[in-house]
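Structure first, commentary second.
2 protein chains.
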Amino acid sequence: MSRRTTQRGPRDERGVLAARILSVARTAFSEDGWAGTTIRSIARQADVDPALIYHYFGSKESLLDACTTVPQDFLDRIADTWAAPRDQLGERLVALTLENWESTDSGPVLRAILLIAAHEAGTRAKLRNLVANALMGPADIGQGEAERGRRSGFIASQLLGLGLMRYVWEIEPVASMNAAEVIAAVGPTIQRYVNGELSPSSSATVDG
Amino acid sequence: MSRRTTQRGPRDERGVLAARILSVARTAFSEDGWAGTTIRSIARQADVDPALIYHYFGSKESLLDACTTVPQDFLDRIADTWAAPRDQLGERLVALTLENWESTDSGPVLRAILLIAAHEAGTRAKLRNLVANALMGPADIGQGEAERGRRSGFIASQLLGLGLMRYVWEIEPVASMNAAEVIAAVGPTIQRYVNGELSPSSSATVDG
Chain A
576 MSRRTTQRGP RDERGVLAAR ILSVARTAFS EDGWAGTTIR SIARQADVDP ALIYHYFGSK
636 ESLLDACTTV PQDFLDRIAD TWAAPRDQLG ERLVALTLEN WESTDSGPVL RAILLIAAHE
696 AGTRAKLRNL VANALMGPAD IGQGEAERGR RSGFIASQLL GLGLMRYVWE IEPVASMNAA
756 EVIAAVGPTI QRYVNGELSP SSSATVDG
Chain B
576 MSRRTTQRGP RDERGVLAAR ILSVARTAFS EDGWAGTTIR SIARQADVDP ALIYHYFGSK
636 ESLLDACTTV PQDFLDRIAD TWAAPRDQLG ERLVALTLEN WESTDSGPVL RAILLIAAHE
696 AGTRAKLRNL VANALMGPAD IGQGEAERGR RSGFIASQLL GLGLMRYVWE IEPVASMNAA
756 EVIAAVGPTI QRYVNGELSP SSSATVDG
C-alpha cells in the first residue's frame with residue numbers, strides 16, 4: 576500500500592496521481608465550497624506539488640470541471656437502461672441509480688455534483704444539463720419537449736432525493752435497506768413519472 | 576432601508592441583529608463548510624462585532640444549532656397536516672412542502688439543514704431526527720415502528736428531492752411550475768408512500 580508500489584511508469588503514475596487529486600478536490604469543493612478551496616490546499620491534502628495540479632488540469636476552473644464530469648460509462652448505462660421495455664423502466668431506473676451511487680467511478684462524482692451545485696453556478700448548470708439531456712436524452716417519452724422536461728424533472732427529484740437520503744445523509748432505514756426493497760418501493764413512482772398521468776386536468780375533463 | 580430605521584429599541588435591535596447573524600451563518604456554513612466558517616468571518620459579513628455573536632449565541636456550535644433549528648410554527652403545520660383525511664395526505668404534504676420552502680421563516684432553515692448535513696455530522700443527526708420524528712411524528716401510519724420508518728424515509732426522499740430541485744438547484748421546468756401542477760404530479764407518489772403497497776412480496780405471495 577506504499578505510494579512507491581503505484582509508480583510503475585509515467586503513465587500509471589499520472590493516472591494514480593490524477594485520480595487522487597480529483598478525489599481530494601471533490602471533497603474539498605463539496606465541503607469547503609468553491610471560494611474556500613485553493614489549488615494549494617488540494618495539493619497539500621493530496622500530497623503533491625501545486626504545480627503538478629496546474630500541469631494536469633490547467634486551472635482551478637478546469638479542475639472543478641474534471642471532478643464533476645460523469646464517466647462516459649455512466650452515460651452509456653443510462654442509454655442502455657432506456658432501451659428496456661417501457662413497463663420495466665421504473666424499476667430499472669431505480670436499480671441503475673443504486674448501482675451508480677455504489678460505483679466507485681460514478682458515486683463520488685454524483686455526490687460532488689449535487690453538493691457543489693448547491694452553491695456554484697457552473698456546477699448547477701451542469702446538473703441541469705445532466706437532468707435535461709443525459710438522464711432523459713435517450714428516452715422518447717412524453718409528447719413534445721415540455722412534457723418530456725416535466726417528466727424528467729420529477730424522475731430526477733425522486734432519484735436524486737433517494738441518492739442523498741441513502742448515500743449522503745445516510746438516513747435509516749433507507750440507507751441500509753436492501754436494493755430489492757428500495758426498487759419495489761420507488762420503482763412504481765418512477766414508472767408513473769415515465770408514462771403515467773401527471774396532470775390534474777385528466778381526472779376531470781375540464782373544457783373552457 | 577438604512578440600518579438605523581431598524582434600531583427602535585434594545586429588544587427590536589437584538590431581534591434584527593440576531594436574524595441577520597443567523598442568515599449570514601446559514602449561507603456561510605452551507606457554502607464554506609463547518610471547518611471553513613469562523614465567527615470572525617460571519618461577524619464581518621453581518622457587520623457586527625464578533626463579541627456580539629458570542630454574547631447572543633455562546634459558541635460556534637450553538638450558532639450552528641440555532642441556524643439549523645426549524646421554527647416551532649413549521650412543526651405545528653406538519654402536525655396540522657397529518658390531521659387531514661388520510662386520502663388527502665399525499666397532496667396536502669406536497670402543498671405543505673412548497674409552502675415551507677417558500678416561507679422566509681422555514682425555507683432558509685431547510686436549505687441550511689440539507690446542505691450542512693452533507694458534511695457535518697451533528698446536522699446530519701438533526702436531519703435524521705427531523706425525518707424520523709418531526710416529519711412523521713404526528714402520523715399513525717404503518718404497522719409498527721419499522722414500517723413507519725420505511726414509509727417516512729421514502730416520503731422524505733421525494734419531498735426533500737423535490738425541494739432541492741425546485742428551490743436549491745433551481746432546475747426547470749420544476750422550479751417555475753405552478754404549485755397545482757407540482758401537487759398533482761407528486762401528490763400520488765406521497766399518497767402511496769403513506770398508505771399504499773410498498774413491498775415486493777404482495778404482488779406474488781412468496782412462501783419459502
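Chains A and B, in that order, are what the protein sequence lines are. This note's numbering runs 575 ahead of the 1-based position in the first sequence. This note's numbering runs 575 ahead of the 1-based position in the second sequence. Glycine residues also receive a C-beta, built at the ideal position from the N, C-alpha and C atoms. Being a predicted model, the structure only gives us computed values, none of them experimental.
For residue 761 of chain A, the three-state secondary structure derived from DSSP is helix. Fully contained in the stretch 672-735 of chain B are the following alpha helix (DSSP H) runs of length 4 or more, in chain order: 682-692 and 696-704. For residue 636 of chain B, the enclosing alpha helix (DSSP H) begins and ends at 635-642.
The beta carbon of residue 735 of chain B sits closer than 8 angstroms to some beta carbon of chain A. In this chain, the alpha helix (DSSP H) harbouring residue 656 of chain A covers 647-657. DSSP, read as helix, strand or coil, puts residue 745 of chain A in coil. A straight-line Cα-Cα distance of about 46 angstroms links residue 646 of chain A and residue 623 of chain B.
Using a Cβ distance threshold of 8 angstroms, residue 682 of chain B and residue 768 of chain B do not count as a contacting pair.
Using beta-carbon distances, residue 729 of chain A counts as an interface residue toward chain B, with a partner under 8 angstroms. In the three-state DSSP reduction, residue 740 of chain A falls in the helix class (H, G or I). DSSP places residue 621 of chain B within a helical segment (H, G or I) once states are collapsed to three. For residue 610 of chain A, the residues of chain B that pass the 8 angstroms Cβ criterion are 606 and 607, in the order they occur in the chain. For residue 774 of chain B, the secondary structure class from DSSP, reduced to helix, strand or coil, is coil.
Sequence-distant partners of residue 763 of chain B (beyond 5 residues in either direction) whose C-beta falls short of 8 angstroms from its own C-beta, in its chain, are 665.
Contact annotation: in the stretch 747-758 of chain A, residues whose CB is within less than 9 angstroms of a CB in chain B are 747, 748, 749, 750, 752, 755, 756, 757 and 758.
For the pair residue 689 of chain A and residue 739 of chain A, the CB atoms are nearer than the 8 angstroms cut-off. In this structure, residue 613 of chain B lies away from residue 604 of chain B, with their beta-carbon atoms at least 8 angstroms apart. Residue contact check for residue 672 of chain B against chain A: no CB pair falls below 8 angstroms. Listed by position along chain B, the residues whose Cβ is nearer than 7 angstroms to that of residue 706 of chain A are 746. Linking residue 750 of chain A to residue 711 of chain B through their CA atoms gives a straight-line distance of about 18 angstroms.
Assigned with DSSP and collapsed to three states, residue 751 of chain A falls in coil, not helix or strand. Residue 702 of chain B belongs to the set of residues whose beta carbon lies under 8 angstroms from a beta carbon in chain A. CA-CA distance, residue 634 of chain B to residue 674 of chain B, rounds to 32 angstroms.
Using a Cβ-Cβ cut-off of 8 angstroms, residue 739 of chain A counts as an interface residue toward chain B, since at least one Cβ of chain B sits closer than that to its own. Interface flag for residue 681 of chain A against chain B is unset, since no Cβ pair is found closer than 8 angstroms.
Within the same chain, 666, 669 and 670 come within 7 angstroms of residue 758 of chain B by CB-CB distance, once the 5 residues on both sides are set aside.
Interface flag for residue 761 of chain B against chain A is set, since a Cβ pair is found closer than 8 angstroms. At a cut-off of 8 angstroms, the C-beta of residue 719 of chain A has no neighbouring C-beta in chain B. DSSP, reduced to helix, strand and coil, places residue 670 of chain A within a helical segment of the structure shown. Annotated three-state conformation of residue 594 of chain B is helix, per DSSP. Taking every protein chain shown into account, the CB of residue 606 of chain B has 16 or more other CB atoms within 10 angstroms, so this residue is buried. Here residue 709 of chain A has 650 as same chain residues with Cβ atoms under 6 angstroms from its own Cβ, once five neighbours each way along the sequence are excluded.
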